[in-house]
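A.B. asks: Protein chains in written order, with the working numbering: chain A, 1 to 259; chain B, 1001 to 1259; chain C, 2001 to 2259.
All C-beta atoms, glycine included, are put in the ideal place defined by N, C-alpha and C.
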Amino acid sequence: MQADLLNPALVAHTSHLFRSRSPLVHCMTNDVVQTFTANVLLAIGASPAMVIDADEARQFVAMADALLINVGTLTKERALAMRLAVESASANNKPWTLDPVAVGALALRTEFCHQLLALKPAAIRGNASEIMALAGMSLGGRGVDTTDTAAAALPAAQALARQISTVVAVTGEVDYVTDGRRTLMVTGGSSLMTRVVGTGCALSAVVVASCALPGDRLDNVAAACGIMKRAGSLATENSAGPGSFVAVFLDALYGEGQA
Amino acid sequence: MQADLLNPALVAHTSHLFRSRSPLVHCMTNDVVQTFTANVLLAIGASPAMVIDADEARQFVAMADALLINVGTLTKERALAMRLAVESASANNKPWTLDPVAVGALALRTEFCHQLLALKPAAIRGNASEIMALAGMSLGGRGVDTTDTAAAALPAAQALARQISTVVAVTGEVDYVTDGRRTLMVTGGSSLMTRVVGTGCALSAVVVASCALPGDRLDNVAAACGIMKRAGSLATENSAGPGSFVAVFLDALYGEGQA
Amino acid sequence: MQADLLNPALVAHTSHLFRSRSPLVHCMTNDVVQTFTANVLLAIGASPAMVIDADEARQFVAMADALLINVGTLTKERALAMRLAVESASANNKPWTLDPVAVGALALRTEFCHQLLALKPAAIRGNASEIMALAGMSLGGRGVDTTDTAAAALPAAQALARQISTVVAVTGEVDYVTDGRRTLMVTGGSSLMTRVVGTGCALSAVVVASCALPGDRLDNVAAACGIMKRAGSLATENSAGPGSFVAVFLDALYGEGQA
């Protein structure tokens, strides 16, 4: 396994593109992270919109630049709306991304995520346990937390990426982003980020926003990870704990786009 | 078109009334802004409660002082509960307010908002694209964002206000509040507020709270806008970005009530 | 009525246990407080997961260490999922806790809460009006707010605790925690906490997490209250209002666990 370090210039370039293009990101995400996800997208210069009714979601995908599917608080009704939205995304040639929260242990979401894989996500972002479970190589983590390191999940990520021709970001202390042939490694951030709910889910929203940008998809997704890692490092240095982290993190994301 | 500047004394007076009367505001709002909306209402001295089941909502409206309807994450089931709550509000002579998020482009909410207009909202608060769409003068904005200025939407706001005898607040860089005959203009705030999710939705909650106060409704709604603009100006001056903005903004709203 | 002051050493001991054991807390809670609840649990070192689909919730309870039921934004569908989860908790010998938000005045939640009492919660956490309504001694408060003091509700709390063999925490300016025979009193915090949405709901999550720890349940629940009171006092001293309170509060909870 070989992984190249992400070029920092890509992070600056992608930050600039988010500002100048302001992709409209349709988020179908879980109940816990809605506000933080929206604020992260606003801070980088993107435009979030959460539209959830099945008919409206199908309609809205055609107007949006990209679609996020996050199964954290899945219900059967939401699964139906998400599936229709993904089908609309495919029909309208819009990229969509899967965040398979806690896949593996719970039946409904596990079956749903496996069904969605057939509909060709532009990218998948998960922690190590999630990516391994999605690739069929483990039974999932502990609740929404991983029990494996990202490096341990890299072979699973590469296999999954090749199998369905997508980009897989397996994130943790170090992030790995792979299309199955080339792999980029993204460092930074801190363990404090695991004490703030939604950092992973919000990263998935930035990942899907990056899929709406021009340029190489693998580079874009890795840059999305790099933007979040960099803000995470800055916020860790300048905060007293997970409470103050949130404000500094959003300010850092916003400042990066402004610079 | 003539618009008078809001008298700052009205802002102070209304802030005081929120504290002394603490209106109980029944919020049926979208998934993304629940926490921020509640915290804004608490900061100004009002008392928020989110009751969403159709039967409970109908029951609760009779105990509350005012009802907020925000269609940001509408579903068919929620539309039914909202309609029953609005009918209960009418029957119990409680003011209710409509925030027609992203009306125009999406079929379910557009039809629903137009149906609700017949049930006589005390006030409507939206951005320029939303107000123009509601008045039948455009097809809506880009996602939840406006593509027009508030000034451009003022004729639509005035027509809408006259047509259904309500107060319409069309908000943006400058806010205009009109009953179709008299128009008040509210300045302040900053573009940073557009990078924080929920500032518009929370304003709608303050607007509906103001409709539960004694006094002239047009003045009250304009004062609600003024309270948020003033806190927005203060918070912009004293924050480093959209993350730190939130805390300073809520502190400013709270301090205004305390003074 | 006699109540002993909570021993501060218990607070330190319980803070340590949260960190070292990191209980996995399954939260079925209301729409308004999801993020704050998760962040509070993360800050004390616990591991939150929000799983809401009826089938998944039933399945997840068996993997979690404890289950929180909060009826703030109850619907009929959610009530069904909650009931199945509680039954699964009972079958799997997992402690579960009830937060009876606004019980009394609203029919659906009042009937639901009374049904749940038969399924033996490990603990109940509510404000004075809620505990009195649950014990059949009043008709509830004003919206989600209490109209009584915790001391006034202590007889109701003690009667309820004896009746169904549980621990009842009636919280307010002073918290009382009772099993019907012994009562602990917890002081601290400030009225500023009533201007921040979710402090009570998040306390209920810490209470249920404490029910998954070894040791005496009454002591554990009182210590959970003590942890939140202490952080509330610290945050009140070090914040300028309810906005800045949130960050300082979470940092204080996190620091307590770190020390």
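Under 8 angstroms between C-beta atoms, does V1246(B) make it to chain C?
C.D. replies: At least one chain C Cβ lies under 8 angstroms of V1246(B).
A.B. asks: Taking only beta carbons into account, state which residues of the segment 1018 to 1052 of chain B come closer than 9 angstroms to chain A, listed in chain order.
C.D. replies: Hits within the stretch, in order: N1030, D1031, V1032, V1033, Q1034, T1035 and F1036.
A.B. asks: Could you give the distance in angstroms between the alpha-carbon of L1119(B) and the alpha-carbon of N2030(C)?
C.D. replies: Cα-Cα distance, rounded: 29 angstroms.
A.B. asks: With 16 as the cutoff for other CB atoms within 10 Å, does K94(A) come out buried or exposed?
C.D. replies: Result: buried.
A.B. asks: So what's G2172(C) in DSSP terms, helix, strand or just coil?
C.D. replies: G2172(C) falls in the coil class under three-state DSSP.
A.B. asks: Please state if the CB of M2228(C) and the CB of L2006(C) are separated by a distance shorter than 8 angstroms.
C.D. replies: It is not a contact, given that the beta carbons lie outside the stated cut-off.
A.B. asks: Give every residue of the same chain whose Cβ lies closer than 6 angstroms to the Cβ of E256(A), excluding the five residues on either side of it in the sequence, and list them in chain order.
C.D. replies: Excluding positions up to five away in sequence, the list reads S15.
A.B. asks: Report the residue from A1062(B), T1073(B), C1027(B) and D1251(B) whose alpha carbon sits nearest the alpha carbon of L2106(C).
C.D. replies: The shortest Cα separation from L2106(C) among A1062(B), T1073(B), C1027(B) and D1251(B) belongs to A1062(B).
A.B. asks: Assign N2039(C) to one of three DSSP states: helix, strand, or coil.
C.D. replies: Residue state, collapsed to three classes: helix.
A.B. asks: Per the DSSP calculation, L1068(B) is bridged to which residue(s)?
C.D. replies: For L1068(B), which the question treats as bridged, DSSP gives the partners C1027(B) and T1097(B).
A.B. asks: Under 9 angstroms between beta-carbons, which chain A residues line up against D2055(C)? List them in chain order, please.
C.D. replies: Going along chain A in sequence order, the residues near D2055(C) (Cβ under 9 angstroms) are K76, L106, A107 and L108.
A.B. asks: For the segment 87 to 175 of chain A, list the beta strand (DSSP E) runs that are entirely contained and at least 3 residues long, ordered along the chain.
C.D. replies: Those beta strand (DSSP E) runs which fall completely within the segment 87 to 175 of chain A and span 3+ residues are 96 to 99, 123 to 126 and 167 to 170.
A.B. asks: Buried or exposed: which applies to G215(A), given that a residue is buried once 16 or more other Cβ atoms fall within 10 Å of its Cβ?
C.D. replies: Classification of G215(A): exposed, given that the 10 Å Cβ count is below 16.
A.B. asks: Taking the beta carbon of E1237(B) as the centre, do at least 16 other beta carbons fall within 10 Å, making it buried, or is it exposed?
C.D. replies: Classification for E1237(B): exposed.
A.B. asks: Which residues mark the beginning and the end of the alpha helix (DSSP H) in which L1192(B) is found?
C.D. replies: No alpha helix (DSSP H) holds L1192(B); DSSP gives it neither H nor E.
A.B. asks: Between the beta-carbon of D1065(B) and the beta-carbon of V1025(B), is there less than 8 angstroms?
C.D. replies: Yes, these two residues count as a Cβ contact at 8 angstroms.
A.B. asks: Closest Cβ-Cβ distance between T2187(C) and chain B: below 8 angstroms?
C.D. replies: It does not; no Cβ of chain B falls within 8 angstroms.
A.B. asks: Skipping 5 residues on each side, what residues in its chain have a beta carbon closer than 6 angstroms to that of T135(A)?
C.D. replies: Going by the sequence as given, residue 135(A) is Ala instead of Thr. For A135(A), where only same-chain residues beyond five positions count, the Cβ hits under 6 angstroms are A156, A159 and L160.
A.B. asks: Measure how close the beta-carbons of G140(A) and A79(A) come, nearest whole angstrom, since I'm counting them as under 8 angstroms.
C.D. replies: About 18 angstroms; that fails the 8 angstroms criterion.
A.B. asks: What does DSSP give as the partner residues of M2185(C) in its beta bridges?
C.D. replies: L2005(C) and Y2176(C).
A.B. asks: Could you check whether G1226(B) and L1010(B) sit closer than 8 angstroms to each other, using their CB atoms as the reference points?
C.D. replies: Taking 8 angstroms as the Cβ cut-off, L1010(B) and G1226(B) qualify as a contacting pair.
A.B. asks: Looking only at its chain, what residues have a beta carbon closer than 7 angstroms to the beta carbon of A1003(B), apart from the 5 residues adjacent to it on each side?
C.D. replies: For A1003(B), where only same-chain residues beyond five positions count, the Cβ hits under 7 angstroms are Y1176, T1183, L1184 and M1185.
A.B. asks: One question on the structure: do V1040(B) and L1250(B) come within less than 8 angstroms of each other, judged by their Cβ atoms?
C.D. replies: Their beta carbons are under 8 angstroms apart, which means V1040(B) touches L1250(B) by this criterion.
A.B. asks: Measure the beta-carbon distance from A2049(C) to M2028(C) and round it to whole angstroms, keeping in mind my assumption that it falls under 8 angstroms.
C.D. replies: No, A2049(C) and M2028(C) are not in contact; Cβ-Cβ is about 10 angstroms, not under 8 angstroms.
A.B. asks: N1092(B): buried (16+ other C-beta within 10 angstroms of its C-beta) or exposed?
C.D. replies: Counting Cβ neighbours within 10 Å, N1092(B) comes out exposed, since fewer than 16 surround it.
A.B. asks: Which term fits P1008(B), buried or exposed, when burial requires 16 or more other beta carbons within 10 angstroms of its beta carbon?
C.D. replies: Its Cβ having fewer than 16 others within 10 Å, P1008(B) is exposed.
A.B. asks: Once DSSP output is grouped into helix, strand and coil, what is the label at A1259(B)?
C.D. replies: Residue confidence for A1259(B) is low, a pLDDT of 49 falling below 50, so the modelled location carries little weight; the figure read from the coordinates is stated next. DSSP places A1259(B) in coil when its eight states are reduced to three.
A.B. asks: Would you say C1211(B) and G1072(B) are within 8 angstroms of each other, going by their C-beta atoms?
C.D. replies: The answer is no: Cβ separation not under 8 angstroms.
A.B. asks: Helix, strand or coil for S2244(C)? Go by DSSP, reduced to three states.
C.D. replies: Note: S2244(C) maps to helix in three-state DSSP.
A.B. asks: I'd like to know whether the C-beta of P100(A) is nearer than 8 angstroms to at least one C-beta of chain C.
C.D. replies: No, no contact with chain C.
A.B. asks: Is it right to say E2111(C) is buried, meaning 16 or more other beta carbons lie within 10 angstroms of its own, or is it exposed?
C.D. replies: That one is exposed.
A.B. asks: By DSSP, does S1020(B) sit in helix, in strand, or in coil?
C.D. replies: Reduced to three states, the DSSP call for S1020(B) is helix.
A.B. asks: On the premise that I2069(C) lies in contact with L2098(C), defined as a C-beta separation below 8 angstroms, what is that separation, rounded to the nearest angstrom?
C.D. replies: About 5 angstroms separates the two Cβ atoms, so the contact holds.
A.B. asks: Please state the DSSP three-state secondary structure of S239(A).
C.D. replies: Here S239(A) sits in coil by DSSP.
A.B. asks: List, in chain order, every chain B residue whose beta-carbon is nearer than 8 angstroms to that of M193(A).
C.D. replies: Per Cβ cutoff of 8 angstroms: no residues; M193(A) is ~14 angstroms from chain B at best.
A.B. asks: Helix, strand or coil for A2212(C)? Go by DSSP, reduced to three states.
C.D. replies: The answer is coil: DSSP assigns A2212(C) none of H, G, I, E or B.
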